[in-house]
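Protein sequences, first through last, are from chains A and R. Heads up, the first sequence is in the working numbering, so the first residue is 3 and it goes up one at a time. Heads up, the second sequence is in the working numbering, so the first residue is 598 and it goes up one at a time. Structure first, commentary second.
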Amino acid sequence: MVDIPFDTTAGIAPAEVAEVELYHPRSWWTRYVFSQDAKVIAIQYSITAMSIGMVALVLSWLMRLQLGFPGTFSFIDPNQYLQFITMHGMIMVIYLLTALFLGGFGNYLIPLMVGARDMVFPYVNMLSYWVYLLAVLVLTATFFVPGGPTGAGWTLYPPQAILSGTPGQDWGITLMLASLILFIIGFTMGGLNYVVTVLQARTRGMTLMRMPLTVWGIFTATVMALLAFPALFVASVMLLLDRLLGTSFFMPALVEMGQLTKYGGGSPILFQHLFWFFGHPEVYIVALPAFGIISDLISVHARKNIFGYRMMVWAIVGIGALSFVVWAHHMYVSGMHPYFGFFFATTTLIIAIPTAIKVYNWVLTLWRGDIHLTVPMLFALAFIITFVNGGLTGLFLGNVVVDVPLSDTMFVVAHFHMVMGIAPIMAVFGGIYHWYPKVTGRMLDDVLGKFHFWVSFLGAYAVFFPMHYLGLLGMPRRYHDIGETSFIPASAHDLNAFMSVAALIVGFAQLVFLFNLVWSLFKGKEAGGNPWGAASLEWQTPETPPGHGNWGKELPIVYRWAYDYSVPGAARDFVPQNEPPAGLLAQGAHS
Amino acid sequence: MAVAFVLLLVAIASVLFHLLSPWWWTPIASNWSYIDDTITLTFWITGAVFFAIVAFMAYCVFRFRHKEGSKAVYEPENKKLEWWLTIGTAIGVAAMLAPGLVVWHQFVTVPADATEVEVMGQQWQWSYRLPGKDGRLGTTDARNVSSENPLGLNRDDAAGQDDIVIENGDLHLQVGKPVKVLLRSIDVLHDFYVPEFRAKMDMIPGSVTYFWLTPTRTGTFDVLCAELCGAAHAQMRSKVIVEEAKDYHAWLEKQKTFAELSGQRNVAKAAYKAGGK
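Structure representation (structure tokens):
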């Protein structure tokens, strides 16, 4: 009837690619530390990202203490508050989410999901991690240098980022820029691996249109990152030159603390264009892997194929492409030419359409499914709610004139936390609960998991949903203390205090999660190879956890897409991707 | 069952919070009520979509949760449904974008009868400048800034001599008169933000940005800085006083021009050098 790409035998070419020679570890060091196995690198990435993420979490507690109870905590001064917000934002966006989705999930899942033995350039892949670790260490060092970390805000806008009115103007900003440069170098090494592996190392029968959406999400995000990060790279180098050598890329003639500086002729807006040319795709670099993971979690745990697979793939690709022509919606009130507003508002709102399609297809996958309310499924549901909420407030901020009163207020803070903080973190948690059994061979504890879920979801929602209304009220962001105003009622301070208490409780629940991760490693229930009854390839490995080389002697052959759940007439409610058609009772499930 | 209930509760609680909570925008004091209208429209459309999606999810979780022997339906695609949803979304998006762009066009089109005022930001205070009798503002440059000339006016520019200079003070505006607010900074980015006006714009060293508005009611309004500008960003405050023409002109009479201020400063300096007379 229709040309559906998941018929069972199409696209299986004879094996043309020779078996790869793997680098086999010879010692404990090369097995666990300087490993070239993508799965070990993935775990290294994940542990490092979550460790630095804990630092950012603690910073968020300090910020919430200050905002909820201004003046109570004498150990937080205005300078430190700015340093907290800067480091919190930068760590969460780049060093946690980007690294965890691409370096963590990407490394672990891409080779397993496409049926490869490893990444195509294992040595470069290993280097990628070590450069990333170096970037994290340089970033961490800024907490201990004279003047402390930079307080320029995570956007690092010049001129203030490198002038003396901003904390961390000396060592802090220099090391921050150095760390970003290192991160981008490390990421590029990993990113090239992910892209080439997806394009070149898929096993026989694994056509592009049979790949799980997780791979599509990570793959597209990586391509985007390879195109977007160079903009941040050059911006960082140029800002570093302005700071250290006195060039004036971003610096017009200006006065610093009453003294005329030597700068002249540069453009602060240029930095903003470069930053957001990276920064907006970055939002989707974090979102697309989450989209993919959520699609797979919903499908597996609702025992139903993902609805509208092809539309989902094209939506991912379309969003990826469109996200490169919307960046200046972060700059509606930056002072750029106001006519840009027409163009960027239009492109920005157009991007809502493929995004909405994804949401519809997730909830339509639930429709007439067989929904198992496992912990991964719960996180997937929470992802949809928080993502829809944050996506819809994006329609406020993307619509240029609506953005004017709301920009630079707490509304923006609430929006981006909902859409690219809470939602992707829900996907991360869902993904960890889902794939932990494959990584360790044991299940995460269910009771702790459900506790973690309910506190995190409802708590985070209680923090960020009301926050929109503080922004509507006119409360600006990046204020350590709103102080005396004529327009903020006393009740808003009570709301702030409530949000702070909620944030601390959510923070506490993350400790339960960490405990669960460690405890289940030793005491968790044995998982077996495929505890969820999933059809995609990573669950069909001969060993769990998979050994080096993933597939034992023979690479798997793929006969179908990754979503054959509840196929009419099949013996089980899932058909693995590598199960030959002969094993299927009803041949043409869709004929 | 419980999960479906909680999901539905989240949707209902969100709507109730929106309708019942006391936190809402400040009463407007400018002509930009169109912006408020666009926000209200956007709230209606997005609120409906949010509620519909979450309620649908909750229903699915309730109706199709796993029971012994239940099995999912196999339905890979439904082209018709997918197209209808796409078209419906496109219409909803257009319904928000079109009025938004119309209002933006008004926002960027300054009326011919708007008078100019200049706001200058520096770490961490606000200064203002009004054109003098000639109705024109003189040129400026950050390189001219000194303790005698804190706003950096061009001494050679005749148009600037009668400019009224208010260093680190408050701005007065006339109610009902459109103004084009020219924005300037001599050090870092700032943003002239008066919540009741709805309009705001960044100030960039090296260039002059602007927005326009017509104040629609009298009163005293807070000026805040909305673009992170360093350590004392949160304390960078001033006030705008919107008043009737009579009061405004009375205030204007008392203000000093650039020439007067320079003269005063020169006198003070000469006195200091001569031995503090």
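Beta carbons: idealized from backbone N, C-alpha and C, even for Gly.
- A distance of 9 Å or more separates the beta carbons of residue 506 of chain A and residue 468 of chain A.
- The region 551-569 of chain A and the region 112-124 of chain A touch, with three or more beta-carbon pairs separated by less than 8 Å.
- By DSSP's assignment, residue 761 of chain R forms a beta bridge with R/727 and R/854.
- Contacts with chain R (Cβ-Cβ distance below 7 Å) from the region 159-176 of chain A involve 159, 161, 162, 165, 167, 168 and 169, listed in chain order.
- Between residue 798 of chain R and residue 335 of chain A, the C-beta spacing is below 9 Å.
- Two segments are said to touch when three or more pairs of C-beta atoms, one from each, lie closer than 8 Å; by this definition the region 337-347 of chain A does not touch the region 658-677 of chain R.
- Cβ neighbours of residue 827 of chain R within its own chain (closer than 8 Å, five residues either side excluded): 720, 721 and 785.
- Pairing residue 714 of chain R with residue 638 of chain R gives a Cβ-Cβ distance that is not under 9 Å.
- Chain A has a Cβ within less than 9 Å of the Cβ of residue 663 of chain R.
- With contact defined as three or more Cβ pairs closer than 8 Å, the region 24-39 of chain A and the region 437-450 of chain A are not in contact.
- According to the DSSP secondary-structure assignment, residue 802 of chain R is paired through a beta bridge with R/782.
- Annotation: residue 630 of chain R is outside any beta strand (DSSP E); the continuous alpha helix (DSSP H) that includes it extends over 630-660.
- Residue 46 of chain A sits in a helix when the DSSP states are folded into three classes.
- In its chain, beyond the 5 residues on either side, 280 and 283 have a beta carbon closer than 6 Å to the beta carbon of residue 230 of chain A.
- Fully enclosed alpha helix (DSSP H) runs of no fewer than 4 residues occupy 342-352 of the region 321-360 of chain A, in order along the chain.
- Look at residue 55 of chain A here: in three-state DSSP terms it is helix.
- In the three-state scheme derived from DSSP, where H, G and I count as helix and E and B as strand, residue 68 of chain A is classed as helix.
- Here residue 837 of chain R is bridged, per DSSP, to R/768 and R/818.
- Taking the CA atoms as reference points, residue 76 of chain A sits about 38 Å from residue 381 of chain A.
- Under DSSP, the beta-bridge partners assigned to residue 567 of chain A are A/576.
- Cβ-Cβ distances below 6 Å link residue 730 of chain R to 759 in the same chain, with the five nearest sequence neighbours on each side left out; the list follows chain order.
- Counting only the Cα atoms, residue 104 of chain A lies some 41 Å from residue 633 of chain R.
- Residues of the same chain with a CB within less than 6 Å of the CB of residue 792 of chain R, apart from the 5 flanking positions on each side, are 623 in chain order.
- Contact of residue 674 of chain R with chain A is assigned, a C-beta pair being separated by under 9 Å.
- The beta-carbon of residue 630 of chain R is placed no less than 9 Å from the nearest beta-carbon of chain A.
- The Cβ atoms of residue 91 of chain A and residue 296 of chain A lie no closer than 9 Å to each other.
- Of the candidates A/417, A/85, A/192 and A/196, the residue whose Cα lies closest to the Cα of residue 135 of chain A is A/192.
- In the DSSP secondary-structure assignment, residue 807 of chain R is bridged to R/779.
- For the region 477-490 of chain A, the set of positions with a beta-carbon nearer than 7 Å to some beta-carbon of chain R reads 478, 480, 481, 482, 483, 485, 487, 488 and 489 in chain order.
- In summary, residue 259 of chain A is exposed, with fewer than 16 beta-carbon neighbours lying within 10 Å of its beta-carbon over all protein chains present.
- For residue 404 of chain A, the enclosing alpha helix (DSSP H) has its first and last residue at 402-408.
- In the structure shown, residue 197 of chain A falls within a helical segment according to DSSP collapsed to helix, strand and coil.
- Beta-carbon to beta-carbon, residue 157 of chain A and residue 326 of chain A are separated by about 19 Å, too far to satisfy the 8 Å threshold.
- For residue 814 of chain R, no CB of chain A lies under 9 Å from its own CB, so it is not counted at the interface with that chain.
- With respect to chain A, the C-beta atom of residue 838 of chain R has no partner C-beta closer than 9 Å.
- Note: residue 444 of chain A is bridge-paired with A/528 in the DSSP secondary-structure output.
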